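**Student:** Residue numbers (our numbering), protein chains in the order written: chain E, 12 to 31; chain B, 254 to 360. Take a look at this one; I'll ask things after.
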Amino acid sequence: MERIRKNKEAALQRLASRNI
Amino acid sequence: NKVQTMPAGGGASHGLTTPVRPGTADMGGGYTGASDMYVNGLTPHQSQVLNLIKSCRAAEGMSIQELKNRLKGMNIMTIKQAVEFLSNEGHIYSTVDEDHYRSTDAD
């Protein structure tokens, strides 16, 4: 499902930006 | 006769005073006491919710209702707030709807 994939990508980006 | 008059003025030393403010820089947050100890930057409630979501293997993730059933005694508002925080931080993401969440750790 496209929505789930997008949400996951967005979440991973948020996680990455928090860990900088 | 020459009378020399020395021009007065000028040389007064106006020392520039830089006001020194007391160091009150406080980044906020951090350790707030034993009763509310943070683990990995999460409150106990938040890490409980995260652990439950992590343990879920379903493709659509875990529903808020299921979290509520598992976390007996935890306020639904607390759960929702924890879910919102974890989502904002990128630890979890919503799947089929805004009521189901999966962990970014699990795959």
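C-beta: ideal position from N, C-alpha, C; glycine also. Here the structure is a predicted model, which means the values were calculated and not measured.
#1: Check distances from the C-beta atoms of the segment 341 to 355 of chain B to those of chain E and list, in chain order, the residues that come in under 8 angstroms.
#2: May I have the straight-line CA-CA distance separating R355 (chain B) from S340 (chain B), to the nearest angstrom?
#3: Following the continuous alpha helix (DSSP H) through R16 (chain E), name the residue where it begins and the one where it ends.
#4: Can you pull the chain E neighbours of T357 (chain B), defined as C-beta to C-beta under 7 angstroms?
#5: Where does the unbroken alpha helix (DSSP H) through H353 (chain B) begin, and where does it stop?
#6: Does M315 (chain B) come out as helix, strand or coil in the three-state DSSP assignment?
#7: Here's the rule: buried if 16 or more other CB atoms are within 10 angstroms of the residue's CB, otherwise exposed. What is K231 (chain B)?
#8: For L295 (chain B), which three-state DSSP category applies?
#9: Expressed to the nearest angstrom, what Euclidean distance is found between the alpha-carbon atoms of M17 (chain E) and Y346 (chain B)?
**Tutor:** Judging by the given coordinates:
#1: The residues in question are N341, E342, G343, H344, I345, Y346, S347, T348, V349, R355.
#2: In the second sequence, the residue the question calls residue 355 (chain B) occupies position 102. In the second sequence, the residue the question calls residue 340 (chain B) occupies position 87. Rounded to whole angstroms, R355 (chain B) to S340 (chain B) spans 10 angstroms at the Cα level.
#3: Numbered from 1 along the first sequence, position 5 holds the residue referred to as residue 16 (chain E). Start and end: 13 to 29.
#4: The residue labelled residue 357 (chain B) in the question sits at position 104 within the second sequence. Neighbours of T357 (chain B) on chain E, chain order: K19, A22, L23, L26.
#5: For the purposes of this step, residue 353 (chain B) is taken as the residue at position 100 of the second sequence. From DSSP, H353 (chain B) is part of no alpha helix (DSSP H) but of the beta strand (DSSP E) over 353 to 356.
#6: Counting from 1 along the second sequence, the entry for residue 315 (chain B) is found at position 62. DSSP places M315 (chain B) in strand when its eight states are reduced to three.
#7: Because chain B in this structure spans residues 254 to 360, residue 231 (chain B) falls outside the shown range and cannot be described.
#8: Within the second sequence, the letter at position 42 stands for residue 295 (chain B). The answer is strand: DSSP assigns L295 (chain B) an E or B state.
#9: To locate residue 17 (chain E), count along the first sequence from 1; it is residue 6. To locate residue 346 (chain B), count along the second sequence from 1; it is residue 93. It should be noted that the sequence gives Lys, not Met, for residue 17 (chain E). C-alpha separation (whole angstroms): 9 angstroms.
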